[in-house]
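In what follows, a structure is listed as structure tokens, so that the remarks can point back to it.
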Amino acid sequence: MTRLYLYAICGRDGAVDVEVRGIGGSRVRLLPLGGLAAACSPVEAVPEPSERALWEHEAVVERLMESVPVLPVRFGTVVREDELPSLARRADEFTRALARVRGKVEYAVRVTWPDTPAPHDSLAAVAALHRPLARLAADNTVNVHRRPTPMLEAAYLVDREHADAFEAEVDRLTRDANHLAAVCTGPWPPYTFVSEAA
Amino acid sequence: MSELDTERLGSSVTLVDLVDRLLARGVVVSGDVTIAVADIDLIQLRLQALLSSVGTLEARREDS
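Going down the list, the protein sequences come from chains A and B. The first sequence stops at residue 975 when you use the working numbering, and every number in between is there. The second sequence stops at residue 65 when you use the working numbering, and every number in between is there.
Right, here's the structure in full:
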């Protein structure tokens with residue numbers, strides 16, 4: 778039985794260019810999945826999470842999302858071909874999740890600040906950085922870690938049409954951020970926002 | 002801080018975010034997802050690289 782490496786669940790409302798090579802140079806196919814499509818390629822075994830393999834997975838998802846809405850699947854997911862019908866039973870859930878991320882991309886922002894001398898001022902500055910970005914985003918998630926160093930990790934779900942404005946706002950805010958150190962990466966596929974939950 | 006260092010910072014942060022997204026987020030299909038202990042080590046390694054890089058970035062801003 779063929780084992781399939783799974784990259785993404787895709788909507789079918791667009792012409793899809795699957796002339797893209799996946800893990801280990803394998804050919805990516807779109808298999809029907811209850812009105813949606815599963816982007817996958819045949820593999821012998823679960824791939825090791827090498828830097829190269831991670832980028833191969835990412836490249837496939839990025840190519841797909843140029844033409845269709847995608848739900849990126851977690852790295853290292855391998856299914857047997859005969860398991861696809863049972864996965865198709867989740868099609869309604871996937872369809873709702875696709876509606877949530879359709880036309881949107883994700884940005885990651887990390888902010889660190891010194892633990893001393895005035896942590897409360899730093900938290901206020903972090904909030905001042907987050908709020909304008911949240912306003913430009915359809916959704917966001919925020920986590921704050923105290924150890925090993927104070928850090929805010931945020932993800933923003935941004936409409937493609939607002940991506941330039943979001944990036945410009947990030948540049949402006951990080952320039953004005955004084956003693957905060959902030960870094961932003963993206964646009965990413967919406968890995969953080971793939972569940973239907975709001 | 003040289004231009005090369007800025008590029009290294011950018012690529013190391015990007016790699017941390019890549020690892021974080023692909024290994025810890027995304028749609029979970031029950032059953033055959035295999036996440037080895039080694040993956041967690043990879044994340045820790047990259048996070049440490051990130052933190053040291055951010056320290057460098059702060060230093061650069063204070064200098065300028």
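Just so you know, even glycine gets a beta-carbon here, dropped at the ideal spot from N, CA and C.
Within chain B, the residues that residue i reaches when beta carbons sit closer than 9 angstroms
i         : result
A/Glu-833 : Near A/Glu-833 there are no residues of chain B at all, since even the closest Cβ is about 10 angstroms away, more than 9 angstroms.
A/Leu-848 : Gly-27 and Val-28
A/Leu-906 : Going along chain B, no residue has its Cβ under 9 angstroms from A/Leu-906, so there is no contact; the nearest lies around 15 angstroms.
Residue-level contact to chain B via CB, residue i, 8 angstroms cutoff
i         : result
A/Tyr-782 : no
A/Arg-798 : no
A/Ala-816 : no
A/Val-837 : no
A/Thr-854 : yes
A/Val-960 : yes
A/Arg-879 : no
A/Arg-851 : yes
Option in the options with minimal Cα separation from residue i
i          : options                                       : result
A/Cys-787  : A/Gly-802, A/Ser-844, A/Pro-819 and A/Val-823 : A/Ser-844
A/Ala-822  : A/Met-778, A/Pro-891 and A/Trp-832            : A/Met-778
A/Ser-803  : A/Ser-899, A/Glu-833, A/Arg-952 and A/Leu-861 : A/Glu-833
A/Ala-1064 : A/Val-805, A/Arg-789 and A/Thr-889            : Past the boundaries of the shown model lies residue 1064 of chain A; chain A is included only from 778 to 975, so the question cannot be answered.
A/Arg-923  : A/Asp-859, A/Pro-891, A/Pro-862 and A/Arg-857 : A/Pro-891
B/Asp-18   : A/Gly-853, A/Ala-785 and A/Ala-885            : A/Ala-885
A/Val-855  : A/Leu-957, A/Glu-930, A/Leu-783 and A/Ala-942 : A/Leu-783
A/Pro-909  : A/Leu-861, A/Leu-810 and A/Ala-954            : A/Ala-954
Partners in chain B for residue i, counting only beta-carbon separations shorter than 8 angstroms
i         : result
A/Thr-969 : Arg-22 and Arg-26
A/Thr-872 : In chain order: nothing, as chain B lies at least about 13 angstroms away.
Integer-rounded CB distance, given that residue j should sit under 8 angstroms from residue i
i         : j         : result
A/Asp-948 : A/Lys-881 : At roughly 20 angstroms, the Cβ-Cβ gap does not stay under 8 angstroms, so A/Asp-948 and A/Lys-881 are not in contact.
A/Pro-846 : A/Val-820 : Actually they do not touch by this definition, with Cβ atoms about 25 angstroms apart.
A/Ala-904 : A/Tyr-933 : Actually they are not in contact, since the Cβ atoms of A/Ala-904 and A/Tyr-933 sit about 15 angstroms apart, beyond 8 angstroms.
A/Cys-817 : A/Leu-864 : Not quite, the Cβ-Cβ distance comes to about 11 angstroms (not below 8 angstroms), so this is no contact.
A/Arg-806 : B/Gly-27  : Wrong, their Cβ atoms sit about 19 angstroms apart, outside the cutoff.
A/Met-928 : A/Val-888 : 7 angstroms
Partners in chain B for residue i, counting only beta-carbon separations shorter than 7 angstroms
i         : result
A/Ala-885 : Asp-18
A/Leu-981 : The shown model of chain A, from 778 to 975, leaves out residue 981 of chain A, and the question about it has no answer.
Check: residue i C-beta below 7 angstroms from any heavy atom of the ligand COA
i         : result
A/Pro-967 : Of ligands this structure carries none, so the ligand COA is not represented either.
**Prompt:** With a cut-off of 8 angstroms, do at least 3 Cβ pairs link the region 839-856 of chain A to the region 954-971 of chain A?
**Reply:** yes
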